[in-house]
């Protein structure tokens, strides 16, 4: 009985240690509320302008913009596995495959329609894709962008097939807002701003041996200022 009791105590202690062990991936970041109004697709700053595009073609463009944003997030946000940006993106490609394909085909027809030749239309489509992807690259706003796209990707997983375009129209402004660096919202932070450095005056009157005479010539360098964020 004594042996069983000791074994039970050891097991209980081990279980307690396992419970108290912190998770290997913990991401603590409170983002600014970046939600915005639903878009049509032709607003400035939302995506590339498509002159003469129909509402259906604008919707297709927003679908492709959202796909690109989630793709960039899958590549750029792997520093935090708990955001699941890679898993979300791969699942979205499979679950919304038909809508993504039809949207891309519609964009192809748009560029063929407005271009002089079919080849010019294909080139314009390729340029559209490249510019769309590069428009979501960010460094300074990485945390906000990654948390936003993680939330959108999770919602897209539960969206019915055929409704990815609704998510794109409803949350594209939020994605664009996340590309501006806002920083941590839970705790205030301070940003140190250093003015440009200037050489001090080298007039003989400004120096006494090896010491700069501030009383005669003022401060040799600008003062450091602090700005609350």
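In mature numbering (1 follows the signal peptide of the UniProt record, and there is no 0), the protein residues as written are -25 to -1, 1 to 204. Ideal placement from N, C-alpha and C gives every residue a C-beta, glycine not left out. The model shown is predicted, which means the values in this text are computed figures rather than measured ones.
Apart from the five residues just before and just after residue i, which ones in its own chain have a Cβ nearer than 7 Å to its Cβ?
i	result
residue 134	142
residue -3	Low confidence applies to residue -3: its pLDDT is 46, below 50, so where it sits in the model is not reliable enough to give any reading.
residue 148	11, 12, 14 and 21
residue 188	181 and 182
residue 31	81
residue 27	89
Leaving out the 5 sequence neighbours to the left and right, which residues in its chain are closer than 6 Å to residue i when beta-carbon positions are compared?
i	result
residue 125	58 and 60
residue 70	none
residue 146	127
If you reduce the DSSP assignment to three classes, tell me which class residue i lands in.
i	result
residue 111	coil
residue 90	coil
residue 157	coil
residue 120	helix
residue 183	strand
residue 61	helix
residue 105	helix
residue 54	coil
residue 194	coil
Residue j and residue i - do their beta-carbons sit closer together than 8 Å?
i	j	result
residue 11	residue 40	no
residue 180	residue 111	no
residue 75	residue 38	yes
residue 121	residue 52	yes
residue 63	residue 106	no
Please work out which residues of its chain come closer than 8 Å, Cβ to Cβ, to residue i, disregarding the five sequence neighbours upstream and downstream, and give them in chain order.
i	result
residue 144	13, 14, 15, 16, 34 and 37
Practice task
Could you say if the segment 98 to 107 and the segment 69 to 88 meet the contact criterion of at least three C-beta pairs nearer than 8 Å?
Solution key: yes
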